[in-house]
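J.: Could you have a look at this structure, given as structure tokens, before my questions?
There are 2 protein chains.
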Amino acid sequence: MVRNTSPTANPPAIGRVRVTAKDLAVRLGVATSTVSRAFDSGSRISDDLRQRIISLADEMGYRPNAIARSLNQQRSGIVALVMGDMANPFYPEALEEFSLRLQQAHRQLLLFVVPKGGEADDVMPQVLQYQVDAIVVTAAKLSSRTSELCARQGIPVVFMNRRVDDPMVWSVCCNNESMGVMVAEYLVKKDRKVCAFIAGDMNISTTVDRLRGFERGLAANGQKLLANVQGGYTYDGGFAAAGELFAKGKPLVDAVFCANDIMALGVLGYLRQNTSLDVPKDVAVVGFDDIRAASYPEYNLTTVRQPVGEMIDLAIGLLRTGHRPGSIHAVLQEVPGQLILRGSA
Amino acid sequence: MVRNTSPTANPPAIGRVRVTAKDLAVRLGVATSTVSRAFDSGSRISDDLRQRIISLADEMGYRPNAIARSLNQQRSGIVALVMGDMANPFYPEALEEFSLRLQQAHRQLLLFVVPKGGEADDVMPQVLQYQVDAIVVTAAKLSSRTSELCARQGIPVVFMNRRVDDPMVWSVCCNNESMGVMVAEYLVKKDRKVCAFIAGDMNISTTVDRLRGFERGLAANGQKLLANVQGGYTYDGGFAAAGELFAKGKPLVDAVFCANDIMALGVLGYLRQNTSLDVPKDVAVVGFDDIRAASYPEYNLTTVRQPVGEMIDLAIGLLRTGHRPGSIHAVLQEVPGQLILRGSA
DNA sequence: ATGAAAGCGCTAACAT
DNA sequence: ATGTTAGCGCTTTCAT
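Encoded structure:
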């Protein structure tokens with residue numbers, strides 16, 4: 001009898017030992033339910049027995065199987081995060097924060113990145129199969145059909161940094177419109193006369209809200225937006241948009257408000273590379289998000305900081321209430337942003 | 346009898362309908378195993394029946410419960426990614442790639458971010474509880490105790506961008522040392538005479554390997570490394586390190602090789618901000634990774650591109666073999682990097 | 001405080 | 001090709 005040791009064979013059974021509660025129970029002569037109770041702090045079990053179980057568990061390398069528990073309890077402890085546009089540093093930064101806070105809450109983070117040009121709906125079937133306790137979306141939108149599917153399964157959905165017209169889901173946003181107003185007022189006060197806006201995507205609420213506020217703030221001061229050009233939420237898009245704005249022969253813009261920071265960096269890059277305009281003397285540039293690079297000395301970008309930590313806490317809090325969005329009055333929760341003054345405006 | 350409708354009550358049962366295979370089976374008068382087979386393409390079932398099952402499933406919003414399947418099959422379809430230092434853009438970029446490729450492979454990504462100053466070991470208990478099929482680590486290190494725990498449970502572990510001395514785990518790296526040599530040769534050929542290195546963390550293999558290659562390449566050309574300063578893998582660290590190197594009165598360095606791009610950006614920021622030295626005329630700067638920002642015109646950084654896609658494919662491939670690391674000869678897999686010439690050197 | 005037994009939803013072995 | 005049955009590992013009544 002020859003053991004199969006060829007390299008294509010499956011790993012041998014030896015070592016593939018998954019210690020179960022039953023193993024512990026047998027060794028200690030107790031019931032599996034008792035083992036289970038030892039790991040549930042709210043359970044009635046004698047301190048002595050619990051100690052013996054815990055220490056044997058440590059010795060044998062036992063941990064309760066979360067998958068089995070999930071099946072039993074109908075809650076997986078997993079929160080899905082559906083994220084688009086990882087190329088915008090704002091999202092990785094938010095992701096990091098999100099992960100840390102979920103770990104503190106003893107929740108797991110199942111990540112889905114929506115490919116460029118893809119829809120969040122595409123990944124939802126996979127998300128739902130894993131019986132996640134909640135879904136946080138920072139990508140584009142969800143079809144109402146999908147959000148109904150979630151609601152039907154009792155899975156709460158929160159949009160972060162997106163305002164959506166769907167009573168089945170929550171939204172957590174920065175007060176985008178108000179911050180738009182604030183930026184306008186700041187620029188006017190700094191004697192800027194000709195303002196432009198660089199939009200991300202006019203189909204996305206954040207861009208629309210920030211623009212609306214900006215225009216309102218300008219109007220309140222007797223100014224009118226000179227131009228609204230598209231930057232597609234990317235560095236290259238911002239760079240190109242600046243090219244449009246500052247092409248020779250164009251009327252001179254002396255302030256640019258960008259719908260996010262990464263486009264603002266593109267604008268600064270363009271100005272330094274292709275013009276002799278001085279920032280902030282000739283042109284003021286303001287961004288939105290306050291990503292890390294905004295504070296690098298070579299950018300030194302004046303921007304609106306989104307309170308990412310608060311937004312995430314709020315989102316996680318909503319998810320933990322167990323409510324359904326429709327059952328609470330304010331489906332949209334707004335958190336105040338903060339204007340961070342640096343050298344670019 | 347009054348129904349509790351207070352706002353703190355749990356959501357009503359209505360709508361919390363989780364459709365199960367049994368529901369389908371009853372409605373169609375078939376066995377649950379038949380329903381199961383309809384969703385397994387390799388199963389013997391009549392096309393007709395399969396069609397009826399699938400379409401009823403669509404109608405009722407049924408999807409097989411992945412948690413239940415995981416429990417049954419002893420494989421969860423989940424791959425854990427343990428990631429540190431999300432502040433270095435290299436990792437979010439790799440993460441995005443990783444997520445997309447796992448989705449293509451119909452695997453889920455459970456993400457764990459190791460907090461600054463934390464150890465990968467801290468999150469491992471949580472990882473193991475979820476019966477993940479495999480673990481990919483891009484953070485510091487794993488204690489041998491932890492890697493043994495994984496091995497004992499038959500869970501393969503791959504380190505990405507880390508070379509570790511542990512026969513229980515795989516490593517997938519760029520050929521760091523060779524690329525260090527190549528950078529040295531390039532700089533020498535460009536008539537650089539006084540080279541410095543900015544290290545990330547001398548406890549981490551990538552820094553050590555890149556430095557070793559760099560010194561070897563210099564030595565082969567009769568040069569010696571002037572300085573090795575610490576940059577802690579951060580922008581600020583690179584900025585500060587440049588401060589050390591280019592403080593007044595120091596011997597003049599005319600080339601700096603940084604263990605990663607983000608530190609190189611800090612160096613460029615410092616040079617522009619605090620010196621009148623010209624890049625690349627007075628000082629050449631070379632990075633490592635080729636993060637997105639490296640190609641921004643204001644940085645235009647010459648760097649070594651890591652073949653992230655290939656590295657990930659390799660890692661996923663290793664995990665799919667089902668082998669244990671010890672059972673294969675080359676526990677360390679190296680993928681060739683590529684020197685990307687831009688304006689900074 | 002502890003044990004016994006049922007069941008979460010699914011798949012795989014066996015039977016037909 | 002389809003039905004029956006057992007069981008994945010856990011938690012949770014219900015007994016005691």
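In order, the protein sequences belong to chains A and B. For the first sequence, my numbering begins at 1 and goes up steadily by one. For the second sequence, my numbering begins at 346 and goes up steadily by one. Just so it is clear, CB atoms sit at the ideal spot from N, CA and C, and this is done for glycine as well.
1. Taking the alpha carbon of Asn521 (chain B) as the reference point, which residue from B:Asn410, B:Lys534, B:Gly562 has its own alpha carbon closest?
2. Tell me, please, whether the CB atom of Tyr475 (chain B) is closer than 9 Å to any CB atom in chain A?
3. Using CA coordinates, which residue listed in B:Val458, B:Pro596, B:Pro642 is at the minimum distance from Arg107 (chain A)?
4. Tell me whether Glu441 (chain B) is buried or exposed, calling it buried when 16 or more other Cβ atoms sit within 10 Å of its Cβ.
5. Decide if the region 530-545 of chain B is in contact with the region 614-631 of chain B; the criterion is three or more beta carbon pairs, one per stretch, under 8 Å apart.
6. Give me the chain B residues within the contact set of Pro92 (chain A), using Cβ-Cβ distance strictly less than 7 Å, ordered along the chain.
7. I need the straight-line Cα distance from Leu18 (chain A) to Tyr62 (chain A), nearest angstrom please.
8. In the DSSP output, which residue or residues are listed as bridge partners for Thr275 (chain A)?
9. Identify each residue in the region 270-300 of chain A for which the Cβ-Cβ distance to at least one residue of chain B is less than 9 Å, and report them in chain order.
10. Compute the distance between the beta-carbons of Leu274 (chain A) and Gly237 (chain A), then report whether it is under 9 Å.
11. Considering only C-alpha positions, which residue in the set B:Met513, B:Met608, B:Asp478, B:Ala600 is nearest to Ala572 (chain B)?
12. Within this structure, are the beta carbons of Gly266 (chain A) and Phe214 (chain A) separated by less than 9 Å?
13. If you draw a straight line from the C-alpha of Gly462 (chain B) to the C-alpha of Asp546 (chain B), how long is it?
14. Apply the 10 Å Cβ neighbour rule to Val164 (chain A) and answer buried if 16 or more other Cβ atoms are within range, or exposed otherwise.
15. Which stretch, first to last residue, makes up the beta strand (DSSP E) that contains Met505 (chain B)?
16. Have a look at Ser46 (chain A) and Leu28 (chain A) and give me their C-alpha separation to the nearest angstrom.
17. If we cut at 9 Å on Cβ distances, does Glu441 (chain B) have a partner in chain A?
18. Please decide whether Phe591 (chain B) counts as near chain A, where near means a Cβ-Cβ distance under 9 Å.
19. Using 9 Å as the limit for Cβ to Cβ distance, is Asn175 (chain A) near chain B?
20. Mind checking if Leu149 (chain A) is an interface residue toward chain B, Cβ cutoff 9 Å exclusive?
21. Is the shortest distance between the beta-carbon of Asn65 (chain A) and the beta-carbons of chain B less than 9 Å?
22. Looking at chain A, is there any beta carbon in it that lies within less than 9 Å of the beta carbon of Leu613 (chain B)?
23. Tell me, please, whether the CB atom of Gln471 (chain B) is closer than 9 Å to any CB atom in chain A?
24. Tell me whether Thr350 (chain B) is buried or exposed, calling it buried when 16 or more other Cβ atoms sit within 10 Å of its Cβ.
25. Can you name, in chain order, every residue of its own chain whose Cβ lies under 6 Å from the Cβ of Gly343 (chain A), other than the five neighbours on each side?
26. Could you have a look at Arg18 (chain A) and say whether DSSP puts it in helix, strand or coil?
27. Is it true that the CB of Ile198 (chain A) sits closer than 9 Å to the CB of Gln476 (chain B)?
28. At a Cβ threshold of 9 Å, is Ile423 (chain B) touching chain A?
29. Would you check if the region 87-104 of chain A and the region 298-316 of chain A touch, i.e. whether three or more CB-CB distances between them fall below 8 Å?
30. Give me the subset of the region 107-118 of chain A whose CB atoms are less than 8 Å from a CB atom of chain B, sorted by chain position.
31. Mapping the DSSP letters down to three states, classify Gly29 (chain A) as helix, strand or coil.
32. Considering only residues of the same chain and omitting the five flanking positions on each side of Val766 (chain B), which have a CB-CB separation below 7 Å?
33. Using CA coordinates, which residue listed in A:Met263, A:Asp290, A:Val253, A:Trp170 is at the minimum distance from Leu277 (chain A)?
34. Starting from Thr491 (chain B) and walking both ways along the alpha helix (DSSP H), at which residues does that stretch end?
35. Taking only beta-carbon atoms, is Tyr580 (chain B) less than 9 Å away from chain A?
36. Apart from the five residues just before and just after Ala541 (chain B), which ones in its own chain have a Cβ nearer than 6 Å to its Cβ?
T.: With the structure as the only source:
1. B:Gly562
2. yes
3. B:Val458
4. buried
5. yes
6. Met431, Pro437
7. Here residue 18 (chain A) turns out to be Arg, not Leu, going by the sequence shown. About 8 Å.
8. According to DSSP, which records beta bridges pairwise, Thr275 (chain A) is partnered with nothing at all.
9. Tyr270, Arg272, Gln273, Asn274, Arg292, Ala293, Tyr296, Pro297, Glu298, Tyr299
10. First, the amino acid is wrong: residue 274 (chain A) is Asn here, not Leu. Not in contact: Asn274 (chain A) and Gly237 (chain A) (Cβ atoms no closer than 9 Å).
11. B:Ala600
12. no
13. 13 Å
14. buried
15. 502-505
16. 14 Å
17. yes
18. no
19. no
20. yes
21. yes
22. yes
23. yes
24. Bear in mind that a pLDDT of 32 at Thr350 (chain B), under 50, signals an unreliable position, so the model cannot answer this.
25. Asn300
26. coil
27. no
28. yes
29. yes
30. Gln108, Leu109, Leu110, Leu111, Phe112, Val113, Pro115
31. coil
32. Residue 766 (chain B) lies beyond the residue range present for chain B, which begins at 346 and ends at 690; the question has no answer from this structure.
33. A:Val253
34. 489-497
35. yes
36. Leu571, Ala572, Leu590, Val598, Val601
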